[in-house]
Amino acid sequence: MSVWGALAGGFAGTLVLTTALRAGNELNLTRMDLPFLLGTAFSDDRTRAKAIGYVLHFLVGMGFALVYYAIFLAVDRSGWWLGAAFGLAHGLFSGTALVNTLLPLIHPRMGTPSTTAPSVALLEPPGFMMLNYGVQTPLVSLAAHVAFGTLVGGFVSLAG
Amino acid sequence: MTLRDPQAAPARVDGYAPIGSYAAIGDGRTVALVALDGSVDWLALPELDSASVFCGVLDARRGGRFALAPDDPHTVARRYVPDTNVLETVFSTQGGSVRVTDALTLPDEGFGPLRELSRRVEGLTGSVAMSWSVEPRFGYAGRATTLAWRGGTPVAAAGGDALAVCAFDAGRPDLTAGAIRGRFEARAGTRALVALCAAHQEPLVIPTRDELEARLDATTATWRTWTDSLHCSGPWRDAMVRSALALKLLVHAATGAVAAAATTSLPEELGGERNWDYRFCWVRDSAFTLNAFLQFACGPEAQAYFWWLMQASQLTHPRLRVLYRLDGGARAPERALPLDGHRGSRPVRIGNAAAGQLQLDTYGELLQTAWLYATTGHRIDRDVARRLARMADLVCRIWRQPDAGIWEVRSAPRHFTQSKMMCWVALDRARDLAGRGLIPGRHAGRWSAEAQAIQEFIETRCYSPRLGSYTRSADSEELDASLLLGVLLSYGDVATERWAGTIEAVRRELGDGPLVRRYSGEDGLAGSEGAFLACSFWLVEALARGGRVREAADLMDELVGLANDVGLYAEEIDAATGAQLGNLPQGLSHLALVSAAVAIEGATPR
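Structure (structure tokens):
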């Protein structure tokens, strides 16, 4: 196992995850757009926000890849299938806690359960499993995260 | 706004207060309706479009309410605390008078409940025996509700929802027969408070009295600060400010969506079937909504609303749904609830089947909204620009189809004239945006050609020489007040004979005093309905745009005088009785008022 493998996997995995979500947008399956959500924390200019968001998303993706790597080291195992399982857990965590609960609390432009008049949020909160962004969002998101985990696990394994 | 002369609260009929007797209070997440007799007869929790905990307005026997009033015969006068959505009601009996202040309070920096309804009772003179009763009925009165004491506080609970009843100097609460009740004597100089604190899928937060009192005072101050920021002037300033505050109640703070109204199934005809759920955001209203926000200089609301609109419509792109849920969802399945209905008006519906209709006018409204947004200094990003262009392409493909029209009739689809006009508006605004370089203009030539074809269709098949007017639909002799939107959105030149004739025909055939009905002809539903307030204001605006400013102003004065005692409008008014009908407060009525007032201000007398 190698940290460079994890970083390479993180890069490839984020690329695939981002592309999958974007494809989900184009196919009208979901309105979930992680770079947009991340970027709008820093800018209310939609174009600039997306650019910032893509950079941040790749950094976050690399960060998660390093967390995967640490767990691979801890359990002394790695591989495509273990990565896919981590990706599934990661996707569930994202939908239930990370994006659903934690992101609205720190995102200055996203609504929360306590947002009331006279404030008005620019971004709708994701809701449980991000269902506010479309009923098929959980499936798209989970599939994308499984792909991310698979690639990270595979790259770590290959680099070993 | 001053307190109007005290009056006896209108008698309830079979337990129902008149629709026009309700005032609305809200916090940007939900709205409660308070009747003139002091009863909160509608409250959905935790969101405006959630299931209700009080729906006595829809079922007086089982719906639940929060009553608060003197025991003895009394008169009542009320108003909103100026420039706020905080309601102030003065009850006077022979023995004295009390002031009740009602608000859905806004959170402060402290730790408070998810939603909080506070009712403060201040003794003004003498002594008044007061009673209150909270009858919570969760899930549109469909879920079993338990009442119990929790640490000295009465709590009503059902599943993941709970409501704590916090009473201070308002008598010892008594839990009996599905209600929490209390009685107390309000003497001059005393102050009591009863607050409902709601939780949803989390533990209840029980605030102290000081916290409740502070939040109620802060809520008044916060609303005033917001109102102070409004850009608003002219002879109808008070009505416009009230409209702005009513609209703000319909803005869903978490998403920026704007609900069409705060309620479901308040009838358009007493005892009839025209009862609809309006707790959704209609694309039809978008141009008026954004325009009102821009007129009031409500920048954050305008930006949030446009962002929400473009995000919500993304899933169905390039097609538009007629309406979207406040959370941006596209599905709104309609079903009937087992409730009696307001004065027997059944069915009581939740959800709205109009969501799945084809209404071509929505494309014109959305592109007009985008045009307004882009031409007032706001940026449209590349993705949105691309989507707007594709929407214009879609209009080119579908404008020849019959549709359900702006009034979402449930009869067979037709070639509604207003729908075609709005398709023309869609292509015209797309051409303009492309000309400014704000959206891709590769297909602008096709948009122009199709716009020309639409115009030819309208001018040849949707005009009746006999009526001297455009008609409700192609090859018909029926009229429709929504044709006036052709003037308001610049399809037609009001100075032409055809438009002057249309305005006159609408007034002649659909008018009833200052009011205007929506259309003549059938709509697939039994019964009839009242006059439509938005159409009445559209007539005012059409007159003003035609230079008949004095006439428009006089009509405006009459319509402004038809608001209820606190300045709110439902959807319709029974021209014979003056009774308000339909859901309340109705955003479109208030939006049309604002638009008409602005048009008169900016009009040049002919």
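Which chain is which? The protein sequence lines are A and B, in order.
Residue numbers for the first sequence follow my numbering, beginning at 2 and rising by one.
Residue numbers for the second sequence follow my numbering, beginning at 138 and rising by one.
C-beta atoms are modelled at their ideal positions from N, C-alpha and C, and glycine is treated no differently.
- Pairwise C-beta distances place the region 489-496 of chain B out of contact with the region 560-573 of chain B, as fewer than three of them are shorter than 8 Å.
- The region 544-551 of chain B makes no contact with the region 590-605 of chain B: fewer than 3 CB pairs, one atom from each, lie closer than 8 Å.
- For A:SER44, the closest Cβ of chain B is not nearer than 8 Å.
- Here the C-alpha atom of B:VAL731 lies approximately 8 Å from the C-alpha atom of B:ALA381.
- When the Cα atoms are used, B:GLY465 and B:HIS515 turn out to be separated by approximately 22 Å.
- With fewer than 16 other Cβ atoms inside 10 Å of its own Cβ, B:ASP612 counts as exposed.
- Here B:LEU330 is bridged, per DSSP, to B:ARG257, B:PHE305.
- Excluding five sequence positions before and after B:TRP508, the CB atoms of its chain that fall closer than 8 Å to its own CB belong to ARG566, ASP569, LEU570, given in chain order.
- Contact annotation, A:GLY62 with A:GLY25: C-beta distance approximately 17 Å; criterion of less than 8 Å not satisfied.
- Between B:GLY296 and chain A, the shortest Cβ-Cβ separation is not below 8 Å.
- Shown here, B:ALA335 sits in a strand according to DSSP, grouped into three states.
- Within the region 275-299 of chain B, the complete beta strand (DSSP E) segments of 3 residues or longer fall at 283-287, 290-295, listed in chain order.
- In the DSSP assignment, A:SER142 falls within the unbroken alpha helix (DSSP H) covering 138-159.
- Listed in chain order, the positions of the region 83-103 of chain A with a beta carbon within less than 9 Å of a beta carbon of chain B would be empty, since no residue qualifies.
- For the region 113-132 of chain A, the residues whose beta carbon sits under 9 Å from a beta carbon of chain B are, in order, THR113, PRO114, SER115, THR116, THR117, ALA118, PRO119, SER120, VAL121, ALA122, LEU123, LEU124, GLU125, PRO126, GLY128, LEU132.
- Contact annotation: B:PHE430 and B:ALA439 have beta-carbon atoms nearer than 8 Å.
- Your pair B:GLU708 and B:GLY719 checks out as a contact, with CB atoms roughly 3 Å apart and the cut at 8 Å.
- Scanning the region 213-263 of chain B for uninterrupted beta strand (DSSP E) segments of 3 residues or longer gives 224-229, 233-241, listed from N- to C-terminal end.
- Between A:ARG32 and chain B, the shortest Cβ-Cβ separation is below 8 Å.
- The count of Cβ pairs closer than 8 Å, one atom from the region 474-484 of chain B and one from the region 520-527 of chain B, stays below three, leaving the stretches out of contact.
- In the three-state reduction of the DSSP assignment, B:ALA172 falls in the strand class, which pools E and B.
- Counting only runs that start and end inside the region 29-114 of chain A, the alpha helix (DSSP H) elements of at least 4 residues fall at 35-40, 47-76, 81-94, 104-107.
- Pairing B:ASP711 with B:ARG480, the inter-Cα distance amounts to about 15 Å.
- Sixteen is the threshold: when 16 or more other Cβ atoms of the shown chains lie within 10 Å of the Cβ of B:GLU678, as they do, the residue is buried.
- At a cut-off of 8 Å between C-beta atoms, B:GLU438 counts as an interface residue with respect to chain A.
- Interface flag for A:THR48 against chain B is set, since a Cβ pair is found closer than 8 Å.
- Going by beta carbons, B:GLY276 and B:ALA295 fall inside the 8 Å limit.
- Counting C-beta atoms within 10 angstroms of its own C-beta, A:ILE107 has fewer than 16 neighbours from the protein chains shown and is therefore classed as exposed.
- Interface flag for A:GLY155 against chain B is unset, since no Cβ pair is found closer than 8 Å.
- Taking 9 Å as the upper bound on Cβ-Cβ separation, chain A lies near residues LYS385, LEU386, VAL388, HIS389, ALA390, ALA391 of the region 378-391 of chain B.
- Interface criterion met: the Cβ of A:GLY135 is under 8 Å from a Cβ in chain B.
- Between the region 137-150 of chain A and the region 112-120 of chain A there are fewer than three inter-stretch CB-CB distances shorter than 8 Å, so the stretches are not counted as touching.
- For B:ASP518, the C-beta contacts it makes with chain A under 7 Å involve ARG47, THR48, in order along the chain.
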